[in-house]
Amino acid sequence: NGESVSSAFFKGISSCMNKCEDGNIASCQLLANMCTLLLYKIVETNACAEFRRIAKKYLLECPRKQLWLYYMMKKANGILKKIYIEIMCLIYFSTLTQESSKLHIFAMKYALNGTFLGLIKIKSDDLHLCQESDVDEDIAFTVGTRFERTCTRSLQYLWKSSELFYYDLYLANNQNKSELYPIPVIIRNIVLNGEFVNMGKDMSKWRLVRRFFLRDHISGIEDETNLKDIHNQPVAKVFRYVSEISLKIRFKSEEIPGTIYPPVLTISYAEATPDDYMKDKKVTMKFSVSYELNQESTMKSVKIAVSVLSTMAFAWSILQTYSWFRRSGKHAVDLVTLGKFLVFMSGNLSTVFFIVMFFTCLYWFSFFKRQDVIYTVLPTQVQEDFLSVYIGIAFALKAVHLIHILFVQCSIDIFYIDWERPRVRASSVSARVATTSKNVAETSAGADTKKSSGNLLKATPDKINAEMAGVSIWRTYYAANEWAEIQSKRKTSLCIQLFGVLFILNVDFTFTAQMCFENCVSCYPLKIQGMQFLSKVMCNKNVLGFESSTLAALKLNFPPEDVHKYVPYSTCCRFALGVLVYLSVAILQVVVRKGLYERFVEDKLQQYVDLCSVSNVSVFILVTKRFGYYIHGRSTHGKADVNMKEMHEFLRKEEEDLCGHRGLLPDTDQQTFQILLPPGVHDQFLRLLVPLTSYTQAADRMQGVGGRLAKVDIDRVANTHYMLNKFLSGFIDHSFKDLDYIVKDRVMLEYLLDIECYEVADRGYFYNDDGRSFSSVLFYGNESILLLFDVLLFSVIDIASSDYVLSMILTFVVAKAIQGLRRSAGRRNLVRKALVDERFLT
């Protein structure tokens, strides 16, 4: 702290200097100890200056002589470079065994008076002031293990606990224990020309030394002091202790795998005053061991991959925007178009970042954990922070994309076309339907047999009431109810995902010997973090519980719960394992659902199409002005509002192929289509909705009632529903000469790029699909986006908390909330667009 102290310890420096000049090695070591206590500060005639003057001949011969405190090169980066080039240590054999996987560190230990106390092998506990570790094995010196330990100790305990010792560290070669490599020391508190040279990032200014101490309660005692403790013992005016010490090992795997450069020990000292001593202040200390490898090539590859894939994402976003631009019938780029591009770009960039970060972390995780000779190590904290930033950005971008998906799905134009005709005209309706079914294949009939859309939609109120009187609305309500249910259904079950991920990541199976060898399954312990169902454990054979493999360690030969307080989790490993397990469980669910459940139990989407056919109701969906989806539900029997006997008779005829097919075209079963419409269809659709949105009674307007149909003038709603039904059914039946369409298959390019190659004027296109294209306006068809959002949310929470259980539970809650929001907003949209009374949506 800059305070001057007249230390009694330095009063004998003259005698010590004279004895050292006479060749007394102990006196020279005492002089070196004095210099170490001064933190290597060189001032004329002080201990450091005298040591360098006397020991110059020894220093010129370093590192073989014992009188060695300073690395004499002017620049520390030059020293490190020289050491790193000329000295490499083979620290273990080709196979990591219990012995060869350890760092063997020795220390020349000196007493305060310079007496050499011997060359001792030290443990990690000897390098810090915390309590001894409660783990028998020395984890800190296990190769590849990132070790961190922080503790709080009483200042009075540190002040009195032990004597003052000095250490010069060496690393032993595992193949030849007698071959020792000196370990340089960087003391952050060293001052040169008034500057803390070792605290900056400029390695050219660093000063490396050899000797260090852990605590100093001697040099701060003044010659004539009044500072006494309760036992009348003198108390130092300043007490120094190691507040932070770290050992950094750097691998050199390019030439000879399993070799390292000499480790570097970095030390920071803190000071305490007698007031702190009297108050018994608690101080915090930290000890760490880390391993590094030049990962520049890997990080460069990551940046290149991000750049290349981002360029591809940019091009794909342009294509998506162009497709949306054409489908929306726009003629000039506007702010909405730019907004769409940004949203598409957000989603694609998010996917790119996720893919690159996942495979990068998976590479580190898998190769690091499986290697027997060090070829790679885990990324440093700075590199992990770099990856975490990209993961966070990917999550934010995917959230924007998901919000856009929700908005689009909850604002689509949807209408249910009821093909049922009044019962009083059943015979004429049946005849007309039969005639229509024979002619729908002719997609381009003569103009003289069609009417314009304007003429066909002219109807008197009496005619409207007469035609609506004999048609039940229940079938439409039933179809709308089923749609409201399936719109938030996903391909994966969130509950199965929750328990599956937690089961794999956080569950340990421990099998008893009886169970292992006698196949007894009546009793086995099952432990989940925070819960324990059975407490009796007779043997420890870990089958699941993969979270322990994410510790920042290469090989551990003891239970992970014993060492987690010392060995931190690796963010890279946790991300790789968490995503791998999450995606594996999700993909397994999708495979089981698609391959087994939907094939042999139930297929919700196909059931909905069948329901529409049985109900004689078609579904007309517009996502943009010109593009949408169509589910053809027109009954092949011409009616669906029948009794039980007639319904069974209809189904029997379909089973025995005694009637027409359900498809839009004769003798086909194709019922679902992607549609590209002429501009007039959407214009007419909006024109027919005008009575519900433009009249002046604000309390009755659909927008003013939050989508509640019960509060709207029902006469207007009924008339509007009738006119929309008449218009859309007429369009499907090719009844308008100015609005028509043809049915065709997509070409391969259209299918791959999701874009239409044909211009639309007065004739639209109904594209045959795989029967599920309409799922893109449901959660079911956007499972990849939802899954990726869930995975990123799970990963972001885990990065912040290092807790898989908390991450999975919060992800489950958020996913359920999004499902609830989609269901609620979708129901409101059904009321506004399909004119379905919300009181009948269960």
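Count along the sequence shown starting at 1, add 476, and that's the number in the working numbering.
Glycine is no exception: its CB is placed at the ideal position from the N, C-alpha and C atoms.
How long is the line joining the alpha carbons of residue i and residue j, rounded to whole angstroms?
i     : j     : result
V947  : E896  : 6 angstroms
L514  : D861  : 37 angstroms
Y1106 : V1290 : 32 angstroms
T1197 : F1316 : One point to set straight first is that residue 1197 is His, not Thr, in the sequence displayed. Whole-angstrom Cα-Cα distance: 16 angstroms.
V865  : P739  : 30 angstroms
T1144 : V1219 : 12 angstroms
N1195 : V1307 : 15 angstroms
Y1318 : L1311 : Sequence check: residue 1318 is Thr here, not Tyr. Near 15 angstroms, if we compare the C-alpha coordinates of L1311 and T1318.
T735  : V611  : 27 angstroms
L970  : K1292 : 8 angstroms
T760  : N665  : 17 angstroms
P660  : V1061 : 49 angstroms
I962  : E624  : 51 angstroms
L974  : V1281 : 9 angstroms
R683  : K517  : 11 angstroms
C511  : K758  : 29 angstroms
A808  : Q1146 : 36 angstroms
A923  : A870  : Legend: pLDDT at A923 = 36, less than 50; position of this residue unreliable, value from coordinates given subsequently. Cα to Cα, A923 sits roughly 55 angstroms from A870.
M493  : C1048 : 54 angstroms
R1304 : V1193 : 16 angstroms
N649  : S577  : 12 angstroms
L1168 : R1138 : 34 angstroms
P1142 : T952  : 24 angstroms
Going by CA-CA distance only, name the one from the options that's closest to residue i.
i     : options                      : result
V711  : L656, P750, R683 and R803    : P750
I501  : V519, N522, F486 and I530    : I530
H604  : L656, T787, L723 and N522    : L723
K1070 : T968, F1096 and V819         : T968
I697  : R1050, L1263, F486 and T1148 : F486
I581  : A956, N589, V673 and D644    : D644
D1216 : L595, Y547 and Y1241         : Y1241
W950  : K517, D1313, P658 and V519   : D1313
K762  : A808, L811, R846 and I721    : I721
L1127 : Q505, F1161, S1089 and G1139 : S1089
H880  : R629, L1152, L1262 and D756  : L1262
M775  : I743, V667, V832 and K965    : V832
Q632  : R691, S1024 and L579         : R691
D752  : M679, S777, R629 and K677    : R629
E655  : Y646, I663 and G1136         : Y646
Report, in whole angstroms, the separation of the C-beta atoms of residue i and residue j, which I expect to be a contact under 8 angstroms.
i     : j     : result
V1066 : L981  : Their Cβ separation, rounded to whole angstroms, is 20 angstroms, which puts V1066 and L981 out of contact at 8 angstroms.
S1271 : G1054 : 6 angstroms
L1027 : V619  : Incorrect: roughly 14 angstroms between the Cβ atoms, too far for contact.
A746  : S719  : 4 angstroms
R1102 : H1158 : 7 angstroms
Y717  : R687  : 16 angstroms between Cβ atoms; not a contact.
R1239 : P1154 : 7 angstroms
A875  : F1288 : Contact doesn't hold; Cβ gap of about 17 angstroms is too wide.
S503  : C496  : 4 angstroms
A956  : G1302 : Incorrect: roughly 11 angstroms between the Cβ atoms, too far for contact.
S1252 : N1258 : 7 angstroms
T856  : F820  : Actually they do not touch by this definition, with Cβ atoms about 35 angstroms apart.
E520  : L507  : About 16 angstroms; that fails the 8 angstroms criterion.
I615  : V1043 : 6 angstroms
V1267 : L1059 : 7 angstroms
S609  : D601  : 6 angstroms
Looking at the ligand FAD, does it come within less than 6 angstroms of residue i, judged from the CB to the closest heavy atom?
i    : result
V809 : This structure lacks the ligand FAD, and indeed carries no ligand of any kind.
Cβ contact (3+ pairs, closer than 8 angstroms) linking the segment 762-770 and the segment 845-854: Contact between the segment 762-770 and the segment 845-854 is present: three or more C-beta pairs spanning the two stretches fall below 8 angstroms.
Every unbroken beta strand (DSSP E) inside the segment 609-639 [3 residues or more]: Entirely contained in the segment 609-639, the beta strand (DSSP E) runs reaching 3 residues are, in chain order, 623-630.
Segment contact, 8 angstroms Cβ cut-off, at least three pairs: the segment 1114-1126 with the segment 808-816: Flag = no, the segment 1114-1126 and the segment 808-816 do not touch.
Contiguous alpha helix (DSSP H) assignments of at least 4 residues, all confined to the segment 812-851: The segment 812-851 is shown to contain no whole alpha helix (DSSP H) run of 4 or more residues.
Touch test, the segment 1083-1098 against the segment 1297-1306, Cβ-Cβ under 8 angstroms, three pairs minimum: Put simply, the segment 1083-1098 does not touch the segment 1297-1306. Fewer than three CB pairs are less than 8 angstroms apart.
Contact the segment 877-892 vs the segment 834-842: 3+ CB pairs below 8 angstroms: No, they do not touch.
Unbroken stretches of the alpha helix (DSSP H), 4 residues or longer, contained in the segment 719-787: Listed in chain order, the complete alpha helix (DSSP H) runs (minimum 4 residues) inside the segment 719-787 are 750-754.
Any alpha helix (DSSP H) of 4 or more consecutive residues that is wholly inside the segment 1084-1131: Runs found: 1120-1131.
Touching by the beta-carbon criterion (3+ pairs, under 8 angstroms), the segment 1088-1102 and the segment 788-804: Contact between the segment 1088-1102 and the segment 788-804 is present, because at least three Cβ pairs lie under 8 angstroms.
Cβ contact check for the segment 817-835 and the segment 780-798: 3 or more pairs under 8 angstroms: Yes, since at least three Cβ pairs between the segment 817-835 and the segment 780-798 fall closer than 8 angstroms, the two stretches touch.
Within the segment 1250-1279, ranges of the alpha helix (DSSP H) (whole runs, at least 4 residues): For the segment 1250-1279, whole alpha helix (DSSP H) runs of length 4 or above, ordered along the chain, are 1259-1277.
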